[in-house]
Amino acid sequence: MRRPLVAGNWKMHGTRASVAELINGLRQQVLPADVEIAVFPSCLHIAQVLQGVAGQVVAVGGQNCAVDPGQGALTGEVAASQLQDAGCALVLVGHSERRLLLGETDAEVVCKFAAAQSCGLTPLLCVGETLEQREAGKTLEVVGAQLASVVSALGIEVFTRAVVAYEPVWAIGSGLTASPEQAQQVHAAIRAQLAGHSVEVACAVRILYGGSVKAANAAELFGMPDIDGGLVGGASLNADEFGAICRAAGN
Ligand code: 13P
Numbered sequence: 141m142r143r144p145l146v147a148g149n150w151k152m153h154g155t156r157a158s159v160a161e162l163i164n165g166l167r168q169q170v171l172p173a174d175v176e177i178a179v180f181p182s183c184l185h186i187a188q189v190l191q192g193v194a195g196q197v198v199a200v201g202g203q204n205c206a207v208d209p210g211q212g213a214l215t216g217e218v219a220a221s222q223l224q225d226a227g228c229a230l231v232l233v234g235h236s237e238r239r240l241l242l243g244e245t246d247a248e249v250v251c252k253f254a255a256a257q258s259c260g261l262t263p264l265l266c267v268g269e270t271l272e273q274r275e276a277g278k279t280l281e282v283v284g285a286q287l288a289s290v291v292s293a294l295g296i297e298v299f300t301r302a303v304v305a306y307e308p309v310w311a312i313g314s315g316l317t318a319s320p321e322q323a324q325q326v327h328a329a330i331r332a333q334l335a336g337h338s339v340e341v342a343c344a345v346r347i348l349y350g351g352s353v354k355a356a357n358a359a360e361l362f363g364m365p366d367i368d369g370g371l372v373g374g375a376s377l378n379a380d381e382f383g384a385i386c387r388a389a390g391n
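Numbers given in our numbering equal positions in the sequence shown, counted from 1, plus 140.
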């Protein structure tokens, strides 16, 4: 059985005061013991969150890491080794906002994925199609290519220590959610693609859905056979809403 994972991507949100308030709210939630929970604050707030959630079952991750794992002369970037040193357990790689707005390439995503694992961090690989690509019938082709770039460069075994998140770009921050059936179709295709390399790895890997997940739609999404939890943006900034989404992933 795959243990569900609910992850909150706080993106470029938060001040010391609002983060303190959010942590406080999270501490008051009844969180299900059978669900793994993680939050991804901005780098500035990682230490504050780690201190605030100490003793809670919440892991903390970075939203991005540099292509090279070690420290170096690369102004503005954060190395996977620094995230690990700061106490992070995970890191997002290939989020669509970075791919589309900052021009991150598949090749860079592969390097970041490898950098994360080399430092003992679990990469959470984000894949997903734009509305234009979906309307052109290219969803599985686009998602398949994003996934294939990692498999062909690093091999299938790396997915024993990674998580995949399917995030249709058109559903991110738009209030539009993929229907459970639409999401399930892509999740099943991702798992089938991985199964083409190793059935064992494919069966064990967690595939999260992201894109306007909220308390009101979480249970039906998480009820689908290949959806193993969620990567939550906007709704993760509200502790009550995020707590309810975490509970929806439990049994
Ligand atoms: P929203 O939940 O705000 O749509 O964001 C999803 C997302 O991008 C999580 O990484």
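Glycine included, every Cβ here is placed at the ideal spot set by N, Cα and C.
Computed from a predicted model, the values in this text were never measured in an experiment.
Check: Is the CB-CB distance between V200 and V193 below 9 Å?
Finding: Yes.
Checklist line | Run of the alpha helix (DSSP H) containing I177, from where it starts to where it stops | finding: Not the alpha helix (DSSP H): I177 falls in the beta strand (DSSP E), residues E176 to F180.
Next item on the list: Ignoring anything shorter than 3 residues or poking outside the region 307-381, list the beta strand (DSSP E) runs there in chain order.
Entry: Fully enclosed beta strand (DSSP E) runs of 3 or longer: 346-350 and 369-372.
Next item on the list: Out of D380, M152, R239 and I347, state which residue places its alpha-carbon closest to the alpha-carbon of Q333.
Entry: It is I347.
Next item on the list: Count the other C-beta atoms from every protein chain shown that fall within 10 angstroms of the C-beta of D368, then say buried if there are 16 or more, exposed otherwise.
Entry: D368 comes out buried.
Check: Does the ligand 13P have even one heavy atom less than 8 Å from the beta-carbon of K151?
Finding: The nearest non-hydrogen atom of the ligand 13P is less than 8 Å from the C-beta of K151.
Item checked: Reduced DSSP category for T245 - H, G, I as helix; E, B as strand; rest coil -> In the three-state scheme derived from DSSP, where H, G and I count as helix and E and B as strand, T245 is classed as coil.
Check: Rounded C-beta distance between S314 and S338? I'm assuming under 8 Å.
Finding: S314 to S338, Cβ: 35 Å. No contact.
Next item on the list: Please report the Cβ distance between L145 and A173, rounded to the nearest whole angstrom; I am assuming they are in contact, meaning their Cβ atoms lie under 8 Å.
Entry: Rounded, the Cβ-Cβ distance is 14 Å, inconsistent with contact.
Next item on the list: Pair every Cβ in the region 236-243 with every Cβ in the region 253-261, then say whether three or more of these pairs are closer than 8 Å.
Entry: With contact defined as three or more Cβ pairs closer than 8 Å, the region 236-243 and the region 253-261 are not in contact.
Item checked: Best match in N357, T245 and A323 for proximity to A384 [C-alpha to C-alpha] -> Closest in alpha carbon position to A384, among N357, T245 and A323, is N357.
Item checked: Start-end ranges of the alpha helix (DSSP H) lying completely within the region 279-311, minimum 4 residues -> Correct list: 279-294.
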